[in-house]
Amino acid sequence: CIVVYTVLVYFIVVLPRLEGFSTKFWTTGIFGVLLFSWLYRYLQLLRVEPGSPPCFEEAVAEALAIGAERPEPCKRCDRAKPAGTHHCSRCNRCVLKMDHHCSLTNTCVGLHNRHHFHWILVIQ
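Below, the structure is given as structure tokens:
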């Protein structure tokens with residue numbers, strides 16, 4: 002919805018006010034590249050999982066094997082909670098290095114998809 006609005010504003014309001022073919026050509030090209038980049042990052046944000054910690058039993062076995070300290074369990078699910086891991090009440094799952102739950106995409110922003118979210122903010 003916001004993408005359609007942006008495209009309509011560009012072609013109805015901005016483009017007619019520009020003078021000269023080269024100005025319109027380069028401005029439209031830059032707008033197209035930014036729009037494509039934003040759409041690509043948005044779709045990647047939807048596609049890529051934010052990252053989940055391993056099951057608690059697997060994490061304990063791995064910690065014992067390498068001699069590390071035992072991880073804490075999540076109180077709501079059967080997952081280990083390494084540093085920076087939080088349980089999302091909306092998704093009902095633990096997310097590695099959770100930033101926040103994004104209501105625009107209805108997914109959590111975490112370890113594996115946060116760079117896509119940051120690029121969306123930069124492109125906007």
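For the sequence shown, the residue numbers in the working numbering are 2 to 125. Note that the Cβ used here is the ideal one computed from N, Cα and C, for glycine as well.
Margin query: Just to confirm, is the Cβ distance from P74 to E63 under 9 angstroms?
Written below: no
Item checked: Beta-carbon gap between V10 and L40 smaller than 9 angstroms -> no
Checklist line | Endpoints, the alpha helix (DSSP H) within which T24 is located | finding: F22 to R48
Next item on the list: Determine which residues share a DSSP beta bridge with A81 and list them.
Entry: P74
Check: Going by the CB atoms, is the gap between C109 and R91 shorter than 9 angstroms?
Finding: yes
Checklist line | Three-way DSSP call (helix, strand, coil) for T7 in this model | finding: helix
Check: When the Cα atoms are used, what is the spatial distance from G111 to L122?
Finding: 15 angstroms
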